[in-house]
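What follows is a set of notes on a single structure, which appears directly below.
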Amino acid sequence: MTYLPYGKTAGGPWSVEVTPSQAGWTYSGLRILDLTGAPVTFGTGEEEMLVLPLAGSCSVRVPGDRFELAGRPSVFDGPSDFAYIPISTEVTIEGAGRIALPSARATEALPARYVAAAEVPVELRGAGQASRQVNNFCAPGVLDCQKLMAVEVLTPSGNWSSYPPHKHDTPNPGEAVLEEIYYFEVAGQGVGYQRVYSSERGQIDTLAEVSSGDVVLVPYGYHGPSMAAPGYDLYYLNVLAGPAGERSMAFCDDPRHAWIRSSWDGQPIDPRLPFGRTS
Numbered sequence: 000m001t002y003l004p005y006g007k008t009a010g011g012p013w014s015v016e017v018t019p020s021q022a023g024w025t026y027s028g029l030r031i032l033d034l035t036g037a038p039v040t041f042g043t044g045e046e047e048m049l050v051l052p053l054a055g056s057c058s059v060r061v062p063g064d065r066f067e068l069a070g071r072p073s074v075f076d077g078p079s080d081f082a083y084i085p086i087s088t089e090v091t092i093e094g095a096g097r098i099a100l101p102s103a104r105a106t107e108a109l110p111a112r113y114v115a116a117a118e119v120p121v122e123l124r125g126a127g128q129a130s131r132q133v134n135n136f137c138a139p140g141v142l143d144c145q146k147l148m149a150v151e152v153l154t155p156s157g158n159w160s161s162y163p164p165h166k167h168d169t170p171n172p173g174e175a176v177l178e179e180i181y182y183f184e185v186a187g188q189g190v191g192y193q194r195v196y197s198s199e200r201g202q203i204d205t206l207a208e209v210s211s212g213d214v215v216l217v218p219y220g221y222h223g224p225s226m227a228a229p230g231y232d233l234y235y236l237n238v239l240a241g242p243a244g245e246r247s248m249a250f251c252d253d254p255r256h257a258w259i260r261s262s263w264d265g266q267p268i269d270p271r272l273p274f275g276r277t278s
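Laid out in structure tokens, this is it:
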């Protein structure tokens, strides 16, 4: 199953828990933690992780370090500060809010570290009704990880993102093989829509109505568009990892729709962007 409604994977302290084993693949994972003041302690095991406040703030304790994450009121209020936690590390998180822990199976123990919100690159992509904002907080070349990649995408109401549809499933020049997770939040208790469909790699057919807390898995296939319904801004957290020795988010557009990129020439970016602070 590629569509996981909120609560489907809840377990222990996690309101959302997607491990590589649960997803049926090898690398990518995601947990969501709803903190209410009591500390939560766990081990990272064989996964490198990020501690990313979606709403609220928290402290993160690991052996020899403590990071205070100021966080943010919501995902629509600009990038957040965050922490990187290596494999084989005991972590204690304490605070109040909703915290995401993107992860990837890894073998190298890199140093734990804190990254300020001001260090997160913010990119505006597309144009017109395909305008969106990308917070590249854990993109290749931005944050040093062994396997893990993650970005946040914010789409104004009525717009489409992850568009034109694209894939990361075949080892070709200019295309990386990746397992991808979409975790959604929607403003105002609204809904959005996510499409995933077949490529040469295999058959898949998902058109999901998504609400806050829902997850869509992309083991292979073309994915997109991600559609923000009129009246409801759409957020999603993408978590990606794959077998390559060098991290890359390279993709291949569906050739039937690749022409759409050239149609953006001369169109302005949606003036509702960017969301929140950008520095």
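Counted from 1, the sequence shown has number 196 at position 197 by numbering that gives the first Met the number 0; the numbering is strictly sequential.
No residue lacks a Cβ here, since even glycine has one placed at the ideal position from N, Cα and C.
The Cβ-Cβ distance between Q193 and S161 falls below 9 Å. By DSSP's assignment, Y221 forms a beta bridge with Y196. When secondary structure is reduced to three states using DSSP, P267 falls in the coil class, being assigned neither helix nor strand. Cβ atoms of S210 and Y2 stay farther apart than 8 Å, at about 11 Å.
From the listed residues Y196, G127, A175, A149, the smallest Cα separation to N158 is found for G127. Per DSSP, A22 has no beta-bridge partner at all. Straight across, the Cα-Cα distance linking S14 with A95 is about 14 Å.
Cβ-Cβ distances below 6 Å link L109 to P85 in the same chain, with the five nearest sequence neighbours on each side left out; the list follows chain order. Counting every other CB atom within 10 Å of its CB across the protein chains shown gives E122 a total below 16, marking it as exposed. Between the C-alpha atoms of L153 and Q188 there is a straight-line separation of about 16 Å. Checking the DSSP bridge columns, you'll see Q132 partnered with L123, L153. Within the stretch 54-111, the beta strand (DSSP E) runs of at least 3 residues that lie entirely inside it are, in chain order, 64-71, 81-84, 89-104.
Taking 4 residues as the minimum length, the alpha helix (DSSP H) runs contained wholly in the stretch 3-51 are 19-22, in order along the chain. Between E208 and the set S198, V141, E184, the nearest pair of CA atoms involves E184.
In this structure, G77 sits near A116, with a CB-CB distance shorter than 9 Å. Residue environment: W24 is assigned as buried (16 or more neighbouring CB atoms within 10 Å of its CB, all protein chains considered). Looking at the DSSP output, N237 sits in a beta bridge with V150, Y181.
Shown here, S210 sits in coil according to DSSP, grouped into three states, outside any helix or strand. The C-beta of M148 has 16 or more other C-beta atoms within 10 Å across all chains shown, which makes the residue buried. In this structure, the CA atom of P163 is about 41 Å from the CA atom of E89. Residue environment analysis places T169 among the exposed positions, since fewer than 16 neighbouring C-beta atoms fall within 10 angstroms of its C-beta. Judged by DSSP in its simplified three-state form, E245 adopts coil rather than helix or strand.
When secondary structure is reduced to three states using DSSP, A138 falls in the coil class, being assigned neither helix nor strand. Per DSSP, R255 lies in no alpha helix (DSSP H) and is assigned neither H nor E.
In the structure shown, A117 adopts helical secondary structure according to DSSP, grouped into three states.
The alpha-carbon of A175 is positioned some 19 Å away from that of P101. Counting of Cβ neighbours within 10 angstroms places L206 among the exposed residues, the total staying below 16. Within the DSSP secondary-structure output, L216 pairs in a beta bridge with I180. Counting other Cβ atoms within 10 Å of its Cβ, D143 stays below 16 and is therefore classed as exposed.
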